[in-house]
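Residue numbers (this note's numbering), protein chains in the order written: chain U, 1 to 277; chain V, 1 to 289; chain L, 1 to 141; chain X, 1 to 332.
All residues carry an ideal CB built from backbone N, CA and C; glycine is no exception.
Given the structure is predicted, the values throughout are model-derived calculations rather than measurements.
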Amino acid sequence: MANNDPFIPYLATVQSVVDLTPDVRLFTVELNDPAVRESFTYRPGQFAFVSVFGMGEVPFGITSVAHRDEGLQFAVRRVGTVTNALHEVREGDTVGVRGPFGNGFPLEDYEGKNIFIIGGGIGMAPLRPVISTVLDRRDSYGDLLIINGARTPRDLVFAPEFDVWAQSPRTKVELTVDRGDDNWTGRVALIPDVVRDIKPSPENMIAITCGPPIMIHFTLQALKELGFADRQIVTTLESNMKCGLGKCARCNVGDKYVCKDGPVFDFEQISHLFEEA
Amino acid sequence: MAPELVQQIRDKARELLTSGAVDCVIGYGRATDGVTARPLFVYEPEKVDELIFDETCTHNLVGYLVNRKGKKTGIVVKPCDSRAINVLLNEGQISRDDVSIIGVVCDGVVETGWNRVGEAQQARCQYCHQHTPVVYDFLIGEPREESPPSAEDYAAVAEMEAKSPEEREAFWAEQFDRCCRCYACRQVCPACYCTECFVDKLDPMWVGIRVAPEENRIWHTIRAYHLAGRCSGCNECERVCPVNIPLSLLNRKMARDVEDLFGFQAGLDDKEMQPLGAFEKDEKLGIGE
Amino acid sequence: MAVEGFSPRMVGFLCNWCSYAGADMAGTSRMSYPANIRIIRVPCSGRVDPLLIIKAFQQGADGVLIAGCHPGDCHYVEGNYYARRRLAIFRSLLEFIGIDSRRLRVEWVSAAEGKRFSNVITSFTDELVKLGPRSEVQVGA
Amino acid sequence: MTQVISKSDLMVWLGRLTESHRLIAPVDEAGTTLFQRVSRVEDIALDFTNTVLSPKEWFFPPTETLFSVEKKDGGIELVPNEGVEENVIFGVRPCDALGIALLDKPFLNEPADALYGRHRDKTTLIGLSCREARPECFCTSMGTAPDDPANVDVLLTEVADGYIVDAVTDKGKAILPQDLLKESDVTAPPPPSMATVPVEGIEDAMSQSFDDPYWERLADRCLHCKLCAYVCPICYCFDVRDYNDKGTVQRVRSWESCQSSGFTTIAGGYDRRAGKGPHLRQRFGHKLLYFPREFGSPACTGCGRCVKVCPVNIDVREVIGDVQGLGGTSGQ
Numbered sequence: 001m002a003n004n005d006p007f008i009p010y011l012a013t014v015q016s017v018v019d020l021t022p023d024v025r026l027f028t029v030e031l032n033d034p035a036v037r038e039s040f041t042y043r044p045g046q047f048a049f050v051s052v053f054g055m056g057e058v059p060f061g062i063t064s065v066a067h068r069d070e071g072l073q074f075a076v077r078r079v080g081t082v083t084n085a086l087h088e089v090r091e092g093d094t095v096g097v098r099g100p101f102g103n104g105f106p107l108e109d110y111e112g113k114n115i116f117i118i119g120g121g122i123g124m125a126p127l128r129p130v131i132s133t134v135l136d137r138r139d140s141y142g143d144l145l146i147i148n149g150a151r152t153p154r155d156l157v158f159a160p161e162f163d164v165w166a167q168s169p170r171t172k173v174e175l176t177v178d179r180g181d182d183n184w185t186g187r188v189a190l191i192p193d194v195v196r197d198i199k200p201s202p203e204n205m206i207a208i209t210c211g212p213p214i215m216i217h218f219t220l221q222a223l224k225e226l227g228f229a230d231r232q233i234v235t236t237l238e239s240n241m242k243c244g245l246g247k248c249a250r251c252n253v254g255d256k257y258v259c260k261d262g263p264v265f266d267f268e269q270i271s272h273l274f275e276e277a
Numbered sequence: 001m002a003p004e005l006v007q008q009i010r011d012k013a014r015e016l017l018t019s020g021a022v023d024c025v026i027g028y029g030r031a032t033d034g035v036t037a038r039p040l041f042v043y044e045p046e047k048v049d050e051l052i053f054d055e056t057c058t059h060n061l062v063g064y065l066v067n068r069k070g071k072k073t074g075i076v077v078k079p080c081d082s083r084a085i086n087v088l089l090n091e092g093q094i095s096r097d098d099v100s101i102i103g104v105v106c107d108g109v110v111e112t113g114w115n116r117v118g119e120a121q122q123a124r125c126q127y128c129h130q131h132t133p134v135v136y137d138f139l140i141g142e143p144r145e146e147s148p149p150s151a152e153d154y155a156a157v158a159e160m161e162a163k164s165p166e167e168r169e170a171f172w173a174e175q176f177d178r179c180c181r182c183y184a185c186r187q188v189c190p191a192c193y194c195t196e197c198f199v200d201k202l203d204p205m206w207v208g209i210r211v212a213p214e215e216n217r218i219w220h221t222i223r224a225y226h227l228a229g230r231c232s233g234c235n236e237c238e239r240v241c242p243v244n245i246p247l248s249l250l251n252r253k254m255a256r257d258v259e260d261l262f263g264f265q266a267g268l269d270d271k272e273m274q275p276l277g278a279f280e281k282d283e284k285l286g287i288g289e
Numbered sequence: 001m002a003v004e005g006f007s008p009r010m011v012g013f014l015c016n017w018c019s020y021a022g023a024d025m026a027g028t029s030r031m032s033y034p035a036n037i038r039i040i041r042v043p044c045s046g047r048v049d050p051l052l053i054i055k056a057f058q059q060g061a062d063g064v065l066i067a068g069c070h071p072g073d074c075h076y077v078e079g080n081y082y083a084r085r086r087l088a089i090f091r092s093l094l095e096f097i098g099i100d101s102r103r104l105r106v107e108w109v110s111a112a113e114g115k116r117f118s119n120v121i122t123s124f125t126d127e128l129v130k131l132g133p134r135s136e137v138q139v140g141a
Numbered sequence: 001m002t003q004v005i006s007k008s009d010l011m012v013w014l015g016r017l018t019e020s021h022r023l024i025a026p027v028d029e030a031g032t033t034l035f036q037r038v039s040r041v042e043d044i045a046l047d048f049t050n051t052v053l054s055p056k057e058w059f060f061p062p063t064e065t066l067f068s069v070e071k072k073d074g075g076i077e078l079v080p081n082e083g084v085e086e087n088v089i090f091g092v093r094p095c096d097a098l099g100i101a102l103l104d105k106p107f108l109n110e111p112a113d114a115l116y117g118r119h120r121d122k123t124t125l126i127g128l129s130c131r132e133a134r135p136e137c138f139c140t141s142m143g144t145a146p147d148d149p150a151n152v153d154v155l156l157t158e159v160a161d162g163y164i165v166d167a168v169t170d171k172g173k174a175i176l177p178q179d180l181l182k183e184s185d186v187t188a189p190p191p192p193s194m195a196t197v198p199v200e201g202i203e204d205a206m207s208q209s210f211d212d213p214y215w216e217r218l219a220d221r222c223l224h225c226k227l228c229a230y231v232c233p234i235c236y237c238f239d240v241r242d243y244n245d246k247g248t249v250q251r252v253r254s255w256e257s258c259q260s261s262g263f264t265t266i267a268g269g270y271d272r273r274a275g276k277g278p279h280l281r282q283r284f285g286h287k288l289l290y291f292p293r294e295f296g297s298p299a300c301t302g303c304g305r306c307v308k309v310c311p312v313n314i315d316v317r318e319v320i321g322d323v324q325g326l327g328g329t330s331g332q
């Protein structure tokens, strides 16, 4: 990193800001230093801190995939001090980026398996690179089943991409909302109930889930009812963190650090600590 | 304290627990140094004999009641602590029905520290005019005749006021410089129960993250102000301060002003509106006049 | 300690209904008053949390003015009565920690009192000039 | 033969160090002893058992700027905090020296914390053996001793009319005042003894007691203040925020504690560790289980500061004993 100081972010320029939902925006940024840009590689499931100087920095799962060369993307929901400030950022503004951090999804290990993506709300953001990777290497993976839930139809974060996903072979996309609207003809149900309704076979399948803690809690129960083993269920944990380096100790869960041992864990690793995770 | 009075505390605690009137009695037990007291939560009647009471029982246990909202709780209080109960009742933080108060007539507590029992009574006990709890269900000991308030009660405040503004500013700058913002003063205070303290707010960040005298001064000034008319004088904040900031001076200053201007003392009853939550239309306070 | 050419930095919290209108009146009537005040409009003098005052001093203000409706005229009936008590206590606390209480001024200014507003600013400025800049005590080496 | 320095010559040496370095030493202030910058050697408190705050604040200050954001050529530039001075810290007790060595583990673990590393490189530690043990001391149970030279650059041990000077490292040798040292056959007095704490096997005991109701009961009286963490020579949790002051922007790190409310709260308000019991358990879990698993030894030096300052007597020695006796109610 710059000056060998892992606390000093790379400067980056915002290339585009796109509204995804009423409170989620997709930011595409480019690192200013060409050498850094070249060396900045990342895997699906890794995260980075984004700084709005003067307001602070917060970690986000990286929403883009490196191999598509579409720029470094973050889907950010307006929810706190820094994300509010980030929503004020415009094309051409300078932000800071520190990362990439974390382990990411072991996608090579999933090759040949069926992939079951279960995302709630902004929890889809770190799952999108998994979907992108499976779609781009479609022959390497089995069936792809996606359940995406949100509060309302307008809160489905990657709505414009649903058709692209669904057109891919052996792929199914199931959408659900907590509250429909006049145009909504799809499911109005909680994610765990949709899981129970669809009843995917755990045979040769990896379930990857991300969303609000309460959703993960009940989705985990539903998956276990269907016979999924702990190591077949993978999640990416959200945590308060300040450094990403395993030093500030905020994300310490048991003897693990979400920032460097995670954020991706299977439930065999954290089942005992889950109530605390 | 006489052993039979300590026994009365234990008997009352046993009775409350056995009858099911409460599921926990909060009192004092012996600390690991073997000589001072520490807060003790007793859940089983067999354990009431661990309860003690002596001149090292400085802790104000009333703050724990806020954590036990809705749970039936017995509590041992000294007179100063009992005033904090009235403050919490007045502010709707606890319900009188939930607490069984074992009030102890108090002759004062001494300066203590880890493994250290001082000879001298704490300063606050030397100007105390309340040796019998102001609210209780059971009284341990005989009520006392109280001495009248004296001009000496606020001598330390008057001494500080006699200094020049520059001396005062220099004095406090030095005190606040030592503050490491551990917030032990806040955590120990029964009246500091906000779910989010102003000092922890991020947007806007009223008190900067930087531990520096002028930021620390905002913390201490507003802390004292928020306690004006609410501080019951238990002085636990000063006791727990690791760097000996004389917080009692600030709290006493507020207490005296509130008494002088509005004739009010915190926690004497649970009904009277606190002075900063009330007004009189025609009062003269030297503001905007 | 008068300092040559010293122009004090002032923050004014003005109640929306009376004093802000009073300041407006002073402006539209072309009354002159010193321009070194930053005005912050608040719904009521009762809104002025002492935190705002100490924060203003910490951020470098030499003086803080709070102006609201005259007692009895509050738009919210009683906001300024509460303010009066709070500010009495807080001013005394400021004095106690060594911030000269003359640096905190409270005035009741109605919407019709443009002249009074300009007088208040002028006299407060004069007083602050006399008091000189606020210098923070430096601690340690 | 050993080298000794007389008491008056020690003052001469320290006086020289105030000129060549920034000298940090124990100073009495308002009834407390704190490590502070010293410009006059007369201010140094020689007769102290230990300071209220540990010397960690000179490596990992309560607040410190990580970098400043400066405007440059129409853009911005991030300027790291290079303002780290050459320090000598005098009067470091062996327990605190161990604390610094343990602090190195998380901070210098790759990727290393650059600022901490600079403080560490530029600081020389003059240790002082303990003549007496306080009632709360238990360093001998935590892998050090009142006369342990292991983690300092120079160790001084008080004898009748001076100090035995033991240069432990090259860094220490470099600051020795050769002209003031004398050869002597004096021997060091035996170190004070202290009670032992049963730390053997504490990791397993902690692991097995994770779900024990003990923690909830212990937390009943905990105030969740940050005192224990702030006085601890090892507790290193920190917070990072941006600080705007009069037009300048800095990213600042400050001390934080796992006991603080909201420590683990995520955006939206969910707190995975909301209860009092799990909250307090994290402190002991980190010290006695997670840190040892990660770095090989407990995050405790036996300095006893937390025992001394805790307003409600949560005593780590008692906790260790209790946990050893719980017998395990759950596996991990």
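Could you compute how far the alpha carbon of residue i sits from the alpha carbon of residue j?
i	j	result
K287 (chain X)	I234 (chain X)	9 Å
M160 (chain V)	V88 (chain X)	38 Å
R137 (chain U)	P111 (chain X)	33 Å
H129 (chain V)	I164 (chain X)	56 Å
K224 (chain U)	S39 (chain U)	41 Å
Under 9 Å, Cβ to Cβ, is there at least one residue of chain X near residue i?
i	result
Q236 (chain V)	A small fix is needed here, since residue 236 (chain V) is Glu in this sequence, not Gln. Taking Cβ atoms only, chain X reaches closer than 9 Å to E236 (chain V), which makes this a yes.
F41 (chain V)	yes
L245 (chain U)	yes
D255 (chain U)	yes
A12 (chain U)	no
H321 (chain V)	Nothing can be reported for residue 321 (chain V): it is not among the residues displayed for chain V, which extend from 1 to 289.
Per DSSP, which one or two residues make a beta bridge with residue i?
i	result
P204 (chain V)	None, per the DSSP bridge assignment.
R37 (chain X)	X:I24
Q24 (chain V)	Note on residue identity: the sequence assigns Cys, not Gln, to residue 24 (chain V). The partner list for C24 (chain V) (beta bridge, DSSP) reads V:T73.
Y236 (chain X)	Answer is none; Y236 (chain X) lacks a bridge partner.
P192 (chain X)	The partner list for P192 (chain X) (beta bridge, DSSP) is empty, contrary to what the question assumes.
L285 (chain V)	DSSP, once it has assigned bridges, lists no residue as partnering L285 (chain V).
E30 (chain U)	U:T13
W145 (chain L)	It is not possible to answer for residue 145 (chain L), since the shown part of chain L is limited to 1 through 141.
E50 (chain V)	DSSP output for E50 (chain V) lists no bridge partner at all.
Mind checking residue i: buried by the 16 CB within 10 Å criterion, or exposed?
i	result
D182 (chain U)	exposed
K253 (chain V)	buried
K256 (chain U)	buried
K281 (chain V)	exposed
V323 (chain X)	buried
I'd like to know if residue i contacts chain V, where contact means its C-beta is closer than 9 Å to some C-beta of that chain.
i	result
T329 (chain X)	In this prediction, T329 (chain X) scores a pLDDT of 48, lower than 50, which makes its location untrustworthy; no coordinate-derived value is stated.
Y163 (chain X)	no
For residue i, decide whether its Cβ has a neighbour in chain L, counting only Cβ atoms nearer than 9 Å.
i	result
G286 (chain V)	yes
Margin query: What are the residues in the segment 68 to 82 of chain U lying within 8 Å of chain A by C-beta distance?
Written below: Annotation note: the requested chain A is absent from the structure, which comprises protein chains U, V, L and X.
Notebook entry, point to check: If contact means a Cβ-Cβ distance below 7 Å, which residues of the segment 23 to 55 of chain V contact chain X?
Noted result: Among the residues of the segment 23 to 55 of chain V, those with a Cβ less than 7 Å away from any Cβ of chain X are A31, T32, D33, R38, P39, F41, in the order of the chain.
Next item on the list: Scan the segment 266 to 282 of chain V for residues whose Cβ lies nearer than 9 Å to a Cβ of chain L and list them as they occur along the chain.
Entry: Of all residues in the segment 266 to 282 of chain V, P275, L276, G277, A278, F279, E280, K281, D282 have a Cβ within less than 9 Å of some Cβ in chain L.
Checklist line | Members of the segment 220 to 249 of chain U near chain X, C-beta cut-off 8 Å | finding: From the segment 220 to 249 of chain U, only E238, S239, N240, K242, C243, L245, G246, K247, C248, A249 have a Cβ closer than 8 Å to chain X.
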